[in-house]
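Residue numbers (full-length UniProt numbering): 1 to 187. Where a beta carbon is used, it is the ideal one built from N, C-alpha and C, also for glycine. Okay, so here's the structure we're looking at.
Written out as structure tokens, the structure reads:
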């Protein structure tokens, strides 16, 4: 035999299941073909993974949209019910009747604390814009308010505050009381 034919190249040999080494002419080409096939199969799997992820994301987003729509509808219904209840509550409380029932009458107390400082207590009927009118009147008198407290209950408003004359002069406490009584009666 020819020595050249007996030489087995490392690249062209392979083992079978029994451990025997054999020679194949197409071994390299077959390996390249299998590697290429495996690479394409992996690429296809990754594309399928991406597609399933995108499909899942679209499904999830649609579910979120539906949830948002449902919650928006519920919120609008709750707001509509809340507005109706507030109207009913507001209409149900007649401040003048409540004050009479509880024997609360409008009153003004003004006491001089020291120097230009006064203590003011006012009880009046709760009406829209009433507190604003009172604050404007006190501002016209030229007082700075400190330690102010405002409480509302059963159709009445309790306003207490310390007031200090801005210009240093303070009108008579009785004059201030009369002026504030006129204001709360006009509210």
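In the structure shown, residue 55 adopts helical secondary structure according to DSSP, grouped into three states. In the three-state reduction of the DSSP assignment, residue 102 falls in the coil class, being assigned neither a helical nor a strand state.
For residue 144, the three-state secondary structure derived from DSSP is strand. In the three-state scheme derived from DSSP, where H, G and I count as helix and E and B as strand, residue 120 is classed as strand. Per the C-alpha coordinates, the member of 61, 153, 80, 177 positioned closest to residue 110 is 177.
Setting aside the 5 residues that flank it on each side, residue 134 is surrounded in the same chain by 122, 124, 159, 180, 183, 184, 187, each with a C-beta closer than 8 Å to its C-beta; the list follows chain order.
In the DSSP assignment, residue 165 is bridged to 143. Using a 10 angstroms sphere on the CB of residue 48, the tally of other CB atoms stays under 16, which defines it as exposed. Residue 106 and residue 80 have their alpha carbons spaced roughly 36 Å apart. For residue 108, DSSP records a beta bridge to 122. Note on residue 141: 16 or more other CB atoms within 10 angstroms of its CB, so buried under the neighbour-count rule.
Distance between residue 32 and residue 56, taken at the CA atoms: about 36 Å.
If you draw a straight line from the Cα of residue 150 to the Cα of residue 157, it comes to about 7 Å. The DSSP-derived three-state label of residue 187 is coil. Cβ atoms of residue 76 and residue 173 stay farther apart than 8 Å, at about 54 Å.
Looking at the backbone, the Cα of residue 65 and that of residue 58 are separated by about 11 Å.
According to DSSP, residue pairing for residue 158 in a beta bridge involves 123, 151. Taking 8 Å as the upper bound for CB-CB distance, residue 155 and residue 99 are in contact here, some 5 Å apart.
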